[in-house]
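J.: Below you'll find the structure I mean.
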Amino acid sequence: MKEKLMPVILVIIILAALGFIVKQAIPKKPVYETILVDVKAKKMFKQELPAQGEITYPIKSPYSGEKTAYPVYKCTKCGEIFAYVPYIPKSPEDEAAINPDLVIPKCPKCGSIEITIPEIPEGKKEIDVNQSEIPIVDMNKQVSK
Ligand SMILES: [Zn+2]
């Protein structure tokens with residue numbers, strides 16, 4: 369009886385192994401984890417985004433259900449948390465794209481360029497932002513100078 373079952377068990381093992389190999393071979397969509405801020409719900413949260421392709425901010429926030437999620441920065445001088453819209457080059461030769469004034473955001477409160485990406489503690493997915501308002505620094509609106 370046992371001898372008759374062996375081939376069946378072997379086939380199952382082989383199939384399971386094949387399934388595992390195929391699963392490993394399928395490339396996962398490349399994603400990266402970033403920190404966004406919902407300026408309406410006043411929450412910073414971890415979000416996985418596709419590594420490829422242009423993302424136009426704001427994107428839909430899981431908290432407000434609206435397009436109110438932006439990349440977030442924190443001023444290391446005054447502690448201000450602010451949303452940031454990266455500059456989108458108008459063409460591949462757009463010289464503004466390498467203009468440091470358009471690449472490096474300034475703190476909207478104190479003007480400092482000493483900014484950092486705030487951290488969300490390990491094990492947490494979101495934290496509240498205790499600010500009456502979260503300013504939005506849109507680099508695309510700083511072009512006309
Ligand atoms: Zn500041």
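Counting in the working numbering, the sequence shown runs without a single skipped number right up to 513 at its last residue.
Don't be surprised by glycine CBs; every beta carbon is placed ideally from N, CA and C.
Between Pro-476, Ile-427, Glu-490, which lies nearest to Ile-504 when the distance is taken from Cα to Cα?
T.: Reading the sequence shown from its first residue, position 136 is the one you call residue 504. Answer by Cα proximity: Pro-476.
J.: When you compare the CB positions of Pro-439 and Leu-404, do they come within less than 9 Å of one another, or not?
T.: What you label residue 439 is simply residue 71 of the sequence shown in a count that begins at 1. What you label residue 404 is simply residue 36 of the sequence shown in a count that begins at 1. A contact, by the Cβ cut-off of 9 Å.
J.: Which residues in the same chain as Ala-464 place their Cβ atom closer than 8 Å to its Cβ, once the five residues preceding and following it in sequence are excluded?
T.: On the sequence shown, residue 464 is found 96 positions in, with the first residue counted as 1. Cβ within range, chain order: Tyr-455, Pro-457, Lys-458, Leu-470, Val-511.
J.: Is Val-390 closer than 9 Å to Ala-419 when the C-beta atoms are compared?
T.: As a position in the sequence shown, residue 419 is number 51, starting the count at 1. As a position in the sequence shown, residue 390 is number 22, starting the count at 1. No; because the gap between Cβ atoms is not below 9 Å, this pair is not in contact.
J.: Can you find a heavy atom of ligand 2 that lies under 8 Å from the Cβ of Gly-479?
T.: This structure simply doesn't include ligand 2; it includes ligand 1 instead.
J.: Within 10 angstroms of its Cβ, does Ala-393 collect 16 or more other Cβ (buried), or is it exposed?
T.: The residue labelled residue 393 in the question sits at position 25 within the sequence shown. When all chains shown are included, Ala-393 counts as exposed.
J.: By how many angstroms is the C-alpha of Phe-388 removed from the C-alpha of Val-376?
T.: In the sequence shown, counting from the first residue as 1, residue 376 sits at position 8. In the sequence shown, counting from the first residue as 1, residue 388 sits at position 20. Computed Cα separation, rounded: 18 Å.
J.: Is it the case that the Cβ atoms of Lys-435 and Ile-427 are separated by a distance below 9 Å?
T.: Stepping through the sequence shown from its first residue, residue 435 is reached at position 67. Stepping through the sequence shown from its first residue, residue 427 is reached at position 59. Yes, these two residues count as a Cβ contact at 9 Å.
J.: Buried or exposed: Ser-429, going by 16 or more other Cβ atoms within 10 Å of its Cβ?
T.: Reading the sequence shown from its first residue, position 61 is the one you call residue 429. Flag for Ser-429 reads buried.
J.: Residue ranges of each beta strand (DSSP E) run of no fewer than 3 residues wholly in the segment 421-445, ordered along the chain?
T.: You should have 435-443.
J.: Terminal residues of the continuous alpha helix (DSSP H) containing Val-471?
T.: Counting from 1 along the sequence shown, the entry for residue 471 is found at position 103. Note, Val-471: alpha helix (DSSP H), 468-471.
J.: May I ask you to report which of helix, strand or coil DSSP gives Pro-457?
T.: Start at 1 with the first residue of the sequence shown, and residue 457 comes out as number 89. Coil at Pro-457, not helix or strand.
J.: Can you have a look at Asp-496 and say buried or exposed, based on whether 16 or more other CB atoms are within 10 angstroms of its CB?
T.: In the sequence shown, residue 496 corresponds to position 128, counting from 1. It is exposed - the Cβ of Asp-496 has fewer than 16 other Cβ atoms within 10 Å.
J.: What residues are listed by DSSP as bridge partners for Asp-406?
T.: One-based indexing of the sequence shown puts residue 406 at position 38. Bridge partners of Asp-406: Lys-411, Ala-437.
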